[in-house]
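I have placed the structure first, in the form of structure tokens, so that the comments after it can refer back to it.
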Amino acid sequence: MEISAIITPPDSSVPVESLGIVNTPSSPAPAAAPAPESLFACRTCKQPQPASQFQHQRFANKRVVNCLSCSQLVTPNPTVPSSRRPVVPAAPRAAPVPYRLPSCQPTASRVALTAPAATTLPSLAAVATTTPVPAVAGHQPSVPTALPTPAPAATTTTSSLPSEPAVTQSDLAELRQTLQDDLTDTLRELLTSHLSSLAAAPLPTQTSTAGAAAAVTPPAPVAQPIPAGESLAQLTGFPWVAPDIADKVFDDSLSPHDLPKLASPTWVQDAEDTTSFTVNGIVFNKSVSSATSGKQFAKSFPSFTSFWRVWIVYTQLRTYQATDRALGIGLGSFLLHIQELDQVFPWPRVVDYILTVCIKRFGKATSADWLRTDPEAHFSCFQGVQGRSATANQQSSAKRTLSARDDDPRRSQVCFSWNNGRCSGSDKRPCLRQHICSKCKGAHQARGCVAQQDSSPPVKKQA
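All the letters of the sequence shown, read from the start, carry residue numbers 2 to 464 under the working numbering.
As structure tokens, this is what we get:
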């Protein structure tokens, strides 16, 4: 009777005959009642349900953790196509089967569990706090406990961070001056080392220079012909040069005595001596000797300025379509060599040297020949000529250095490193800037000046 009371409530309308018990005197003793069906708790609704409610819909030998009513509410697997998902109508929720609670449960809990389930699903909080899980045989029943209430976050007080060091305008000016000094010193060291290497390098010999030029110089491109109806002088931007003279320069057949013909008529030149005379209306030409040609050449170039103008025109015409790519470098090196001679020897002797070298090299010299010095011509033209004294040259160079130091813009600046007490000037390397106060222009440092506060707003350093 106790087992039947667990399975069927007392007020059940099921007849006794359905249980196989007949109360007749001639009937045998009633058979034993069937074993009660096992109950399982649903993971979703937490209600005990019979095993038939947890049978898998596709595999009969498997069980699921949710009852049939709750499985209809679970979101289907998105990986399964919608066409393959079986559409099962939602079955009404089965009423929970009452069961007897252990004696350790309080009366109020027993009453709450035996009550019929509500039609709507309880909230998660209500289920966790009010609905207990049925005890398993052999284990102590677990007493439901309320979820711990999260404690309010403790208010933390942020301590004030220390203020970052400020950068003033004087600090920025000091940094700018330091970078300026470093850059100036580096450039001066590079220039000094370059000049010393040029002075210490020996002059290359003719054979070695020619061999190096032949080994290093890449194959030159083929010269393009000049368009018909145009002269080389017009293409290079020298329209005053006669076409025949330009063609001679291009073919390297120009005579050194014709070099003054490359000058522009607008350039100021001295009047040349006439090479002809007239007698009774008849014009007679003077015989031109080597001495006369030399004088005419010297008068055509009264100074170095008049020579380098003509030499630039000759270099442009000569290298316009030359196959030797280093020819322009060689002609430019010869021009610098003439400038150095002009600073030491008288200009008339320098002109004789130019004419002597041009007679030897015009028509047959390569770029390697123009890069080296002709010792024979140098000896014949400057033998017995006293050059300018080395003392005068040193004095002139000292004056140029002094004037360059006087023109240094740092002399008019205020030394911010000295105002901050960090000036790196010494006896060997004195500071060029003024050691005065950057605020009041006094003879004291700015960090000890009380006459005027630094009005520049501080600039915070970036992290």
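Glycine residues also receive a C-beta, built at the ideal position from the N, C-alpha and C atoms.
Determine the closest residue to ASN420 out of PHE363, LEU173, SER72, with distance taken between C-alpha atoms. Translated into positions along the sequence shown, residue 420 becomes position 419. Per the C-alpha coordinates, the member of PHE363, LEU173, SER72 positioned closest to ASN420 is LEU173.
With H, G and I counted as helix, E and B as strand and the rest as coil, what does DSSP make of GLN178? The count along the sequence shown starts at 1 and reaches residue 178 at position 177. For GLN178, the three-state secondary structure derived from DSSP is helix.
Three-state secondary structure (DSSP) of ALA444: As a first step, residue 444 must be located in the sequence shown, where it is residue number 443. Correct three-state label for ALA444: coil.
Sheet register partners of LEU40 (DSSP bridge): Here residue 40 refers to the residue found at position 39 when the sequence shown is read from its first residue. Bridge partners of LEU40: PRO51.
At what residues does the alpha helix (DSSP H) containing VAL250 begin and finish? In the sequence shown, the residue the question calls residue 250 occupies position 249. 244-251 is the extent of the alpha helix (DSSP H) around VAL250.
Taking the alpha-carbon positions, what's the THR316 to ARG412 distance? By one-based count along the sequence shown, residue 316 stands at place 315. By one-based count along the sequence shown, residue 412 stands at place 411. Whole-angstrom Cα-Cα distance: 43 Å.
I need the boundaries of the alpha helix (DSSP H) containing ARG434, first residue and last residue. On the sequence shown, residue 434 is found 433 positions in, with the first residue counted as 1. Neither: ARG434 is in no alpha helix (DSSP H) and is coded neither H nor E.
Please state whether the Cβ-Cβ distance between CYS416 and CYS432 is less than 7 Å. By one-based count along the sequence shown, residue 416 stands at place 415. By one-based count along the sequence shown, residue 432 stands at place 431. Going by C-beta atoms, CYS416 is nearer than 7 Å to CYS432.
Please state whether DSSP places THR115 in a helix, a strand or coil. Sequence index remark: in the sequence shown, residue 115 carries index 114 (1-based). Note on THR115: pLDDT 48, under 50, position unreliable in the model; the coordinate value appears next. Helix, per DSSP.
I'd like the list of long-range same chain contacts for ALA264, defined as Cβ closer than 6 Å, with 5 residues on each side in sequence excluded. Against the sequence shown, residue 264 aligns to sequence position 263. Setting aside the 5 residues that flank it on each side, ALA264 is surrounded in the same chain by VAL311, each with a C-beta closer than 6 Å to its C-beta; the list follows chain order.
Rounded separation between VAL242 and ASP370 - CA only: As a working mapping, residue 242 is identified with position 241 in the sequence shown. As a working mapping, residue 370 is identified with position 369 in the sequence shown. Each residue's alpha carbon lies about 26 Å from the other.
Enumerate in chain order the residues of its own chain whose CB-to-CB distance from CYS438 is below 6 Å, with the five nearest sequence positions on each side excluded. In the sequence shown, the residue the question calls residue 438 occupies position 437. Here CYS438 has HIS445, ALA447, CYS450 as same chain residues with Cβ atoms under 6 Å from its own Cβ, once five neighbours each way along the sequence are excluded.
Would you give the residue range spanned by the alpha helix (DSSP H) that ASP370 belongs to? Looking up residue 370 in the sequence shown gives position 369. Counting along the chain, the alpha helix (DSSP H) containing ASP370 begins and ends at 368-372.
Using the three-state DSSP reduction, which class does ARG362 fall into: helix, strand or coil? One-based indexing of the sequence shown puts residue 362 at position 361. In the structure shown, the three-state DSSP call for ARG362 is helix.
Candidates GLY364, ASP252, GLU190, CYS382, of which the one nearest VAL352 by Cα: Residue mapping note: residue 352 aligns to position 351 of the sequence shown, counting from 1. Ranked by how close their Cα comes to the Cα of VAL352, the residues GLY364, ASP252, GLU190, CYS382 have CYS382 in first place.
Which residues mark the beginning and the end of the alpha helix (DSSP H) in which GLY331 is found? The residue you call residue 331 lines up with position 330 of the sequence shown. Start and end: 328-343.
Got a sec, what are the start and stop residues for the alpha helix (DSSP H) GLN317 sits in? Sequence index remark: in the sequence shown, residue 317 carries index 316 (1-based). Its alpha helix (DSSP H) spans residues 305-319.
Rounded to whole angstroms, what is the Cα-Cα separation between ASP343 and PHE380? The residue labelled residue 343 in the question sits at position 342 within the sequence shown. The residue labelled residue 380 in the question sits at position 379 within the sequence shown. Those two C-alpha atoms are separated by around 16 Å.
Residues near GLN141 in its chain [Cβ-Cβ closer than 7 Å; skip 5 each side]: Translated into positions along the sequence shown, residue 141 becomes position 140. The predicted model places GLN141 with a pLDDT of 49, which falls under 50 and marks its position as unreliable; any figure quoted below should be read in that light. The beta carbon of GLN141 sits closer than 7 Å to none of the beta carbons in its chain outside the five residues before and after it.
Taking the alpha-carbon positions, what's the GLN340 to ASP248 distance? Position 339 of the sequence shown holds residue 340. Position 247 of the sequence shown holds residue 248. Taking the straight line joining both Cα atoms gives about 28 Å.
PHE55 vs ARG44 beta-carbon contact at 7 Å: Here the question's residue 55 lines up with position 54 in the sequence shown. Here the question's residue 44 lines up with position 43 in the sequence shown. A distance of 7 Å or more separates the beta carbons of PHE55 and ARG44.
Give the DSSP-derived three-state secondary structure of ALA64 in the structure shown. Residue numbering aside, residue 64 sits at position 63 when the sequence shown is read from its first letter. Looking at the sequence provided, one finds Arg at residue 64 rather than Ala. Judged by DSSP in its simplified three-state form, ARG64 adopts strand.
Among all the DSSP beta bridges, which residues are the ones paired with GLN56? Taking the first residue of the sequence shown as position 1, residue 56 is located at position 55. ARG64, per the DSSP bridge assignment.
Sort LEU336, PRO347, SER171 by Cα distance to LEU372 and report the nearest one. The residue you call residue 372 lines up with position 371 of the sequence shown. Closest by alpha carbon: LEU336.
Reference ILE49, options ARG59, ASP182, SER70, ALA61, closest by Cα: Position 48 of the sequence shown holds residue 49. What sits at residue 49 in the sequence shown is Pro, not Ile. The candidate whose alpha carbon is nearest that of PRO49 is SER70.
If you reduce the DSSP assignment to three classes, tell me which class CYS450 lands in. As a first step, residue 450 must be located in the sequence shown, where it is residue number 449. Of the three classes helix, strand and coil, the one that applies to CYS450 here is coil, per DSSP.
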